[in-house]
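J.: Pasting in a structure now, in structure tokens, and then I'll have a few things to ask.
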Amino acid sequence: MKIDGKAWRTIWLEPDGCSIGVIDQTLLPHRFTTRTLRSCEEAADAIRTMVVRGAPLIGVTGAYGLMLALQADPSDASLASAFEQLNATRPTAVNLRWALERVRTVVAPLPPGERVAAARAEAAAIADEDVAMCEAIGEHGLAIFQRLAASRPPERQGEPFNVLTHCNAGWLATVDWGTALAPIYKAHRSGLNIHVWVDETRPRNQGASLTAYELGREGVPHTVIVDNAGGHLMQHGQVDAVIVGTDRTTRRGDVCNKIGTYLKALAAHDNAVPFYVALPASTIDWQIDDGIAEIPIEARSASEVTHIQGRSPEGTITSVQLTPDGSPGFNPAFDVTPARLVTALITERGAVEASEAGLRGLYGHA
Ligand code: MRU
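Positions 11 to 376 (this note's numbering) are the ones given, in order, by the sequence shown.
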């Protein structure tokens, strides 16, 4: 995607061939800055502190993190400890473990002297494949949006096609394009009159800060709403479809995504609004069935609930306290939407029912 006319990815190998560049997402939308990651520790810290975030991007950062660790020490012990260090940074998105395992599988059989180049190539391949998968998700989602828009009654044909999204599953959450936002970008570019309701997504406000930033840069009409507004809008016919991303999808199609996604799915179900989840294959956890029982939900700092970050009139990015001194906060970062509330999963291979049969139909016994 372009920022001020320049095409960006969220992560790249720097020209020196041995350090990694990323966009610092903690300062957006107020300040666009990049950071250079030179060690495994810096990569782990960037994931933990959400300089980079979003399931696919976490995975690619982890893959490059292993490359950085092997540059410092290509031994088996270094590979094992870097794997553990990176894998422990954020527990919910399965892409991280998937990408780390992919790099480890390639480099472990090699002599130490060949490991860095192999890790670099594998991380780059994961990044490139992510871009291709997200673009394909965009095409499949576009077809769905076009069909839904065309099937509206004649008196509504002139109105914008209203899509609601939660959190940020755009290009900033991936390497490029995004998952849930890819169909939106494709629809906008194809001339569909699309408008996006952007859930602010408390507590970290990835919707208000990142999704709104992305959509604004692409010129996609959008409106930021508080998280609690979605149900009301659906009751009044102002949402044609909901589309979100996912951090982990179980083999039966339960979907774990940013906290609050489940409530949107309930409201969509109650109002017969289609609820789509966009995901690349790297987000499917074939090892588990029951998302509510089996997916580890990250509990983040209560300070993200008790405080909020924004820009002061003087232009300083600052954090202010919302709650009374002494009131405790609790901050589960994700929730699980059961498969029965999902209209369809939109993958790079097409859209399917959220079920084991649906996923196996696309991926076999992957
Ligand atoms: O905590 P975050 O910002 O990493 O959460 C991101 C999400 O919940 C996204 O919806 C998910 O990772 C899918 S990104 C394509």
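Glycine included, C-beta positions come from ideal geometry on N, C-alpha and C.
Quick check on the burial criterion: 16 or more other C-beta atoms within 10 angstroms. Buried or exposed for Gly301?
T.: Position 291 of the sequence shown, counting from 1, holds the residue named residue 301. Classification of Gly301: buried, given that the 10 Å Cβ count is 16 or more.
J.: Could you check whether the Cβ of Pro213 sits closer than 8 angstroms to any heavy atom belonging to ligand 1?
T.: If you number the sequence shown from 1, residue 213 lands on position 203. No, the Cβ of Pro213 stays beyond 8 angstroms of every heavy atom of ligand 1.
J.: Distance check for Pro193 and Ile199, CA to CA, integer angstroms please.
T.: Along the sequence shown, read from residue 1 onward, the residue named residue 199 stands at position 189. Along the sequence shown, read from residue 1 onward, the residue named residue 193 stands at position 183. Per the sequence shown, the amino acid found at residue 199 is Arg instead of Ile. For Arg199 and Pro193, the distance between alpha carbons rounds to 10 angstroms.
J.: Indicate the three-state DSSP secondary structure (helix, strand or coil) for Trp181 in the structure shown.
T.: Position 171 of the sequence shown, counting from 1, holds the residue named residue 181. Of the three classes helix, strand and coil, the one that applies to Trp181 here is helix, per DSSP.
J.: Got a sec: does ligand 1 put a non-hydrogen atom nearer than 8 angstroms to the Cβ of Ala183?
T.: Residue 183 sits at position 173 when you count from the first residue of the sequence shown. Flag set: Cβ of Ala183 near ligand 1.
J.: Measure the C-alpha to C-alpha separation of Thr326 and Val61 and round it to an integer number of angstroms.
T.: Taking the sequence shown and counting its residues from 1, one reaches residue 326 at position 316. Taking the sequence shown and counting its residues from 1, one reaches residue 61 at position 51. About 18 angstroms.
J.: Quick one: does the C-beta of Thr36 sit closer than 8 angstroms to a heavy atom of ligand 1?
T.: Within the sequence shown, the letter at position 26 stands for residue 36. Because no heavy atom of ligand 1 lies under 8 angstroms away, the Cβ of Thr36 does not count as near it: no.
J.: Any idea which residues DSSP pairs Pro342 with across the strands?
T.: Your numbering for residue 342 matches position 332 in the sequence shown. Per DSSP, Ala309.
J.: Using the beta-carbon count (16 or more within 10 Å), is Leu96 buried or exposed?
T.: As a working note, residue 96 is residue 86 in the sequence shown. Looking at its Cβ environment, which holds 16 or more other Cβ atoms inside 10 Å, Leu96 is buried.
J.: Mapping DSSP to helix, strand and coil, what is Gly123?
T.: Taking the first residue of the sequence shown as 1, we reach residue 123 at position 113. Gly123 falls in the helix class under three-state DSSP.
J.: Please state if the CB of Pro101 and the CB of Pro306 are separated by a distance shorter than 9 angstroms.
T.: The count along the sequence shown starts at 1 and reaches residue 306 at position 296. The count along the sequence shown starts at 1 and reaches residue 101 at position 91. In this structure, Pro101 lies closer than 9 angstroms to Pro306 by Cβ.
J.: In the DSSP assignment, what are the bridge partners of Ile235?
T.: As a working note, residue 235 is residue 225 in the sequence shown. Note: Ile235 sits in a beta bridge opposite Asp209.
J.: Does the beta-carbon distance from Ala364 to Ala349 come in below 9 angstroms?
T.: The residue labelled residue 364 in the question sits at position 354 within the sequence shown. The residue labelled residue 349 in the question sits at position 339 within the sequence shown. A contact, by the Cβ cut-off of 9 angstroms.
J.: Take every Cβ of the region 106 to 122, pair it with every Cβ of the region 321 to 336, and state whether three or more of those distances are shorter than 8 angstroms.
T.: No, because fewer than three Cβ pairs between the region 106 to 122 and the region 321 to 336 fall closer than 8 angstroms, the two stretches do not touch.
J.: How is Phe42 classed by DSSP in three states: helix, strand or coil?
T.: Start at 1 with the first residue of the sequence shown, and residue 42 comes out as number 32. Correct three-state label for Phe42: coil.
J.: Does the beta-carbon of Lys268, which I'm using as the reference point, lie nearer than 8 angstroms to any heavy atom of ligand 1?
T.: Taking the sequence shown and counting its residues from 1, the one referred to as residue 268 is at position 258. Yes, Cβ of Lys268 sits closer than 8 angstroms to a heavy atom of ligand 1.
J.: Rounded to whole angstroms, what's the CA-CA distance from Ala278 to Ile269? Just pull it up for me.
T.: As a position in the sequence shown, residue 278 is number 268, starting the count at 1. As a position in the sequence shown, residue 269 is number 259, starting the count at 1. If you take the alpha carbons of Ala278 and Ile269, they lie about 16 angstroms apart.
J.: Round the Cβ separation of Thr353 and Tyr286 to the nearest angstrom and send it over; I've been treating them as touching at under 8 angstroms.
T.: As a first step, residue 353 is located in the sequence shown; it is residue number 343 there, counting from the start. As a first step, residue 286 is located in the sequence shown; it is residue number 276 there, counting from the start. 6 angstroms between Cβ atoms; contact.
J.: Got a sec, what are the start and stop residues for the alpha helix (DSSP H) Ala87 sits in?
T.: Numbered from its first residue, the sequence shown carries residue 87 at position 77. Ala87 -> alpha helix (DSSP H) spans Asp86 to Asn97.
J.: Taking the continuous beta strand (DSSP E) assigned at Cys28, which residues delimit it?
T.: Position 18 of the sequence shown, counted from the first residue, corresponds to residue 28. Looking at the DSSP string, Cys28 is not in any beta strand (DSSP E), and its letter there is neither H nor E.
J.: In the DSSP output, what is Leu76 paired with across the bridge?
T.: To locate residue 76, count along the sequence shown from 1; it is residue 66. DSSP output for Leu76 lists no bridge partner at all.
J.: According to DSSP, is Arg350 helix, strand or coil?
T.: On the sequence shown, residue 350 is found 340 positions in, with the first residue counted as 1. Helix, per DSSP.
J.: Can you find a heavy atom of ligand 1 that lies under 8 angstroms from the Cβ of Ile204?
T.: In the sequence shown, residue 204 corresponds to position 194, counting from 1. Because no heavy atom of ligand 1 lies under 8 angstroms away, the Cβ of Ile204 does not count as near it: no.
J.: Return yes when the C-beta of Pro323 is under 8 angstroms from any heavy atom of ligand 1, and no when it is not.
T.: What you label residue 323 is simply residue 313 of the sequence shown in a count that begins at 1. Checking the Cβ of Pro323 against ligand 1 gives no.
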